[in-house]
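Here full-length UniProt numbering is used: the first residue of the sequence shown is 1, the next is one more, and so on.
Ideal placement from N, C-alpha and C gives every residue a C-beta, glycine not left out.
Input: a single structure, listed below in structure tokens.
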Amino acid sequence: MMAVAIALPTGSGLTSAVCAALSLSRASVLRQRAALTAPPRTRPPRAASSRALPERERDQVLHHLREPRFADQTPTEVFATLLDEGTYLCSIRTMYRILAAQGEVGERRRQRTHPVYQKPELLAEAPNQVWSWDITKLRGPVKWSYFYLYVILDIFSRRVVGWRVEHAESASQFKELFIDAMEKHEVPRDQLTLHADRGGPMKAKMTALMLVDLGVLKSHSRPHTSNDNPFSEAHFKTLKYQPEFPKNFETIEQARAFCRRFFAWYNQDHHHAGIGLMTPDQIHFGQTFLDSLSGVSA
Numbered sequence: 001m002m003a004v005a006i007a008l009p010t011g012s013g014l015t016s017a018v019c020a021a022l023s024l025s026r027a028s029v030l031r032q033r034a035a036l037t038a039p040p041r042t043r044p045p046r047a048a049s050s051r052a053l054p055e056r057e058r059d060q061v062l063h064h065l066r067e068p069r070f071a072d073q074t075p076t077e078v079f080a081t082l083l084d085e086g087t088y089l090c091s092i093r094t095m096y097r098i099l100a101a102q103g104e105v106g107e108r109r110r111q112r113t114h115p116v117y118q119k120p121e122l123l124a125e126a127p128n129q130v131w132s133w134d135i136t137k138l139r140g141p142v143k144w145s146y147f148y149l150y151v152i153l154d155i156f157s158r159r160v161v162g163w164r165v166e167h168a169e170s171a172s173q174f175k176e177l178f179i180d181a182m183e184k185h186e187v188p189r190d191q192l193t194l195h196a197d198r199g200g201p202m203k204a205k206m207t208a209l210m211l212v213d214l215g216v217l218k219s220h221s222r223p224h225t226s227n228d229n230p231f232s233e234a235h236f237k238t239l240k241y242q243p244e245f246p247k248n249f250e251t252i253e254q255a256r257a258f259c260r261r262f263f264a265w266y267n268q269d270h271h272h273a274g275i276g277l278m279t280p281d282q283i284h285f286g287q288t289f290l291d292s293l294s295g296v297s298a
């Protein structure tokens, strides 16, 4: 309604009548109309301060700031050094203003450079080509006590190929778990890629040497990029969002018993949305193989 009143032509004599009919304030309409039709306000240039340095002295300050010996020093350091030498040019703040006018304000000291990490691209066309693993905390009997669940996941079939619950994170415990999973699934050398985040056990020297010995290619998430390991993260959400998942575990044996039941259900009966509502075992082993085990003809 306000837009209709503002759009009326100036001097038409209709403004008062329209404002009365629409219950609008005539003063508000006139004020907003004037703001829209008024030419843009131009602010006059700011007058130079009478205390500003003349151009010659500004050039002298800039010359000192650009000296090679001050190349990696802040204006504060330059000011103090020149003062020790008996030279006062201007205040520290004026040095910053002169540098800003030249577009030279920035970190003058040498900075640490970080390598460019490529986003990991993992492609699996069959089971046992790419595995992902991670560790998650399970709450223990008292506050700030935890058990640690290790899970290795095949990203093609989403099947859990290995897991264990321990009292701590350890590269040695993962080594035992991984070697056991490799042997159980008969994975040959130079076939498997193992993806993980950049946690301590994942980046440990023991883990790296083990993967080299087994002919396994390693892959890591980019630093501070949690969604570079989505398969393991999504799997842990499936685990912890189960209705029967307890608030905490009283003993490590209780945690292991729960995980044993969960992973059996997950691999055999969970219809996974990421694999077309098939179960991980159906994709990993093939439906025909599972039918033969159950005595049902394919």
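The closest CA to that of Lys119, considering only Val160, His224, Ala264, Ala234, is found on His224.
Counting C-beta atoms within 10 angstroms of its own C-beta, Gln282 has 16 or more neighbours from the protein chains shown and is therefore classed as buried. Beta-carbon to beta-carbon, Ala71 and Val165 are separated by about 56 Å, too far to satisfy the 8 Å threshold. Buried is the label assigned to Asp228, since at least 16 other Cβ atoms lie within 10 Å of its Cβ. The residue from Thr113, His167, Phe156 with its alpha-carbon nearest to that of Ile135 is His167.
The three-state secondary structure of Tyr96, taken from DSSP, is helix. CA-to-CA, the gap between Pro127 and Val216 works out to about 15 Å. Counting only residues of its own chain and dropping the five nearest sequence neighbours on each side, Glu233 has a CB closer than 8 Å to the CB of Asp134, Ser226, Asn227. In the three-state reduction of the DSSP assignment, Arg139 falls in the strand class, which pools E and B.
In terms of Cβ geometry, Leu138 and Leu153 do not form a close pair [threshold 7 Å]. Counting only unbroken stretches of 4 or more residues, the alpha helix (DSSP H) elements lying wholly within the segment 181-233 are 200-203, 205-214, in sequence order.
Counting along the chain, Leu30 sits inside the alpha helix (DSSP H) bounded by residues 26-37. Excluding five sequence positions before and after Ala171, the CB atoms of its chain that fall closer than 6 Å to its own CB belong to Pro201, Ala204, Met206, Thr207, given in chain order. One alpha carbon belongs to Glu107, the other to Tyr241, and they sit about 47 Å apart. For Tyr148, the uninterrupted beta strand (DSSP E) run begins and ends at 146-154, by DSSP. Secondary structure at Gly274: helix, using DSSP grouped into helix, strand and coil. Inter-segment contact for the segment 245-254 and the segment 140-149 is present: three or more beta-carbon pairs are separated by less than 8 Å. Beta bridge pairing from DSSP links Gly162 with Ile152. The alpha carbon of Pro188 has as its nearest neighbour, out of Asp269, Val130, Ser219, the alpha carbon of Val130.
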